[in-house]
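Residue numbers (mature numbering (1 follows the signal peptide of the UniProt record, and there is no 0)): -25 to -1, 1 to 467. Using N, Cα and C, we set each Cβ at its ideal position, and we do this for glycine too. Contents: one structure, followed by commentary.
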């Protein structure tokens, strides 16, 4: 047999031994962990399963507080019965059933020192001893408390609040919730019964402004369903800080409703408030009502300095006020309601105008999109009756049209050739001013000279007719005196 085969056989044998040991150990069924509280009770269950041909001879319960230090606390033998050899558990431990198959025990009047490991061990034949272990965890609900420590205002850091979770198991944790600048520390003190007491202190520099501020201590521990908060309010003590209210700089002669009030911020609360004047005695027109000074009638005697002094158990504070008496009352200040209302109305009007403008814009835009807007081109100017433009735009009757059929004379031909460089003006173009003859274009004859007017009658004379141009005269015989009728190539 080779070395490799021998090694494999050894590994298989070892695995089989481990598997059999695991099966044997599993035959003693126990709970791996249980919890209990002091002065309570707990059941530690144990059962031997799948015994088969294994013979059970005896069962024992051992307690192990420290690793390796075991003590028998309960033994059961089917012939000799139950035995409880440990005096620490005497009268507190018992078997729930007097049988080897189910030797569970019950421990009463639990103590914190009972926490540890409990081993249920069977003596069997031929397997030997088999056992199962249960760990008992003793829990203790802590006694939680939180207190505020009154302090005096100072510039040094002091403890202002403390929180404690006493005799808890397992150890509790403490935290603080606050917006106040400061710091905290923790201390843990083990108790003789195995519990732990945790303390925490919050430290800060106390000032009068911190008085009454909130701070919360939160205790968290396993036995609690949820963290336990303890809200607190800081107590910072300081002497009085005094202010005088009610003076409006309008103490005029004869006024009867003048009142001064002495206010004090102090902790503890003020115990005494007094009014005096710098000149000595209070004026006869003044009356004191606790922290108020009532002026029955303003006169020259109240034109003085008033002093209010407040005391508490930590000290005193005072405040002075100089009263000035005037002859006439000050004019009433204008109310601010008018400008405010006017501003609101102005804003509303502006918003309305903006809304109207937007609405008109959208309406006009919609009209343009629907084709309902103004024409996109400028219409031609109106044509006066009898004008050359009307005649050019009017369809020509073939029987009356002369210029369309007769050729130009030599004189006209020479004229047009001479002035052919001049641009032709469109009759439909806009004119910068009215024509000289009241809307009708000037009448031109074939010679290129404008028609003349009679100086006495202001009438237009017939066009210039050369003696040798009879053919030109024939062209104008059918044209009115106040009309301009030219052929297509004629310049206007």
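| Check | Outcome |
| --- | --- |
| Closer than 7 Å: is that where the CB of residue 44 sits relative to any heavy atom of the ligand SAM? | You won't find the ligand SAM in this model; it holds no ligand whatsoever. |
| Could you tell me whether the segment 131 to 141 touches the segment 168 to 175, using the rule of 3 or more Cβ pairs below 8 Å? | yes |
| Determine the extent of the beta strand (DSSP E) in which residue 87 is found, giving its start and end residues. | Unbroken run through residue 87: none, as it is neither H nor E. |
| Within 10 angstroms of the Cβ of residue 35, are there 16 or more other Cβ atoms? Answer buried if so, exposed if not. | buried |
| Could you pull out every unbroken beta strand (DSSP E) segment of at least 3 residues lying fully inside the segment 193 to 239, listed in chain order? | 203 to 208, 211 to 220 |
| What are the residues that DSSP puts in a beta bridge with residue 70? | 80 |
| Any idea what DSSP makes of residue 114, helix, strand or coil? | coil |
| In chain order, what residues of the same chain have a beta carbon less than 6 Å from the beta carbon of residue 148, not counting five sequence neighbours either side? | 195 |
| Given a threshold of 16 other Cβ atoms within 10 Å of its Cβ, counted over all protein chains shown, does residue 107 qualify as buried or as exposed? | buried |
| Which stretch, first to last residue, makes up the beta strand (DSSP E) that contains residue 290? | 290 to 297 |
| Residues in its own chain within less than 7 Å of residue 16 by CB, not counting five upstream and five downstream? | 81, 82, 83, 85 |
| Along the chain, where does the beta strand (DSSP E) that runs through residue 49 open and close? | 44 to 52 |
| If the criterion is Cβ atoms closer than 8 Å, does the pair residue 304 and residue 224 meet it? | no |
| Please say whether residue 316 and residue 273 have beta carbons closer to each other than 8 Å? | no |
| So residue 298 packs on residue 278, CB below 8 Å; how close in whole Å? | 6 Å |
| Look at the Cβ atom of residue 73, then the Cβ atom of residue 57, and state whether they are nearer than 8 Å. | yes |
| Output the distance between the C-alpha atoms of residue 258 and residue 267, rounded to the nearest integer angstrom. | 15 Å |
| Out of 329, 132, 116, 40, point me to the one whose CA is closest to residue 201's CA. | 116 |
| Run the CB neighbour count on residue -1, radius 10 Å, all protein chains shown included, and call it buried at 16 or more, exposed below. | For residue -1, the predicted structure reports a pLDDT of 47, less than 50, and the residue's modelled location is therefore unreliable. The matter cannot be settled from this model. |
| Consult DSSP for residue 23 and reduce its assignment to one of helix, strand or coil. | strand |
| Quick check on the burial criterion: 16 or more other C-beta atoms within 10 angstroms. Buried or exposed for residue 319? | exposed |
| Closest to residue 102 by C-alpha separation, out of 336, 166, 67, 31, would be which residue? | 31 |
| Are there 16 or more other CB atoms within 10 angstroms of the CB of residue 335, so buried, or fewer, so exposed? | exposed |
| What residues are listed by DSSP as bridge partners for residue 37? | 47, 94 |
| Tell me which same chain residues have a C-beta within less than 7 Å of the C-beta of residue 157, skipping the five on either side of it? | 177, 178, 179 |
| Straight-line CA distance for residue 321 to residue 337? | 25 Å |
| For residue 144, does the count of other Cβ atoms within 10 angstroms reach 16, so buried, or fall short, so exposed? | buried |
| Apart from the five residues on each side of it in sequence, which residues of its chain come closer than 7 Å, Cβ to Cβ, to residue 25? | 2 |
| For residue 189 versus residue 153, is the C-beta spacing smaller than 8 Å? | yes |
| In three-state terms, what does DSSP make of residue 340? | helix |
| For residue 288, I'd like the list of residues in its chain whose CB is within less than 6 Å of its CB, leaving aside the five on either flank, ordered along the chain. | 243 |
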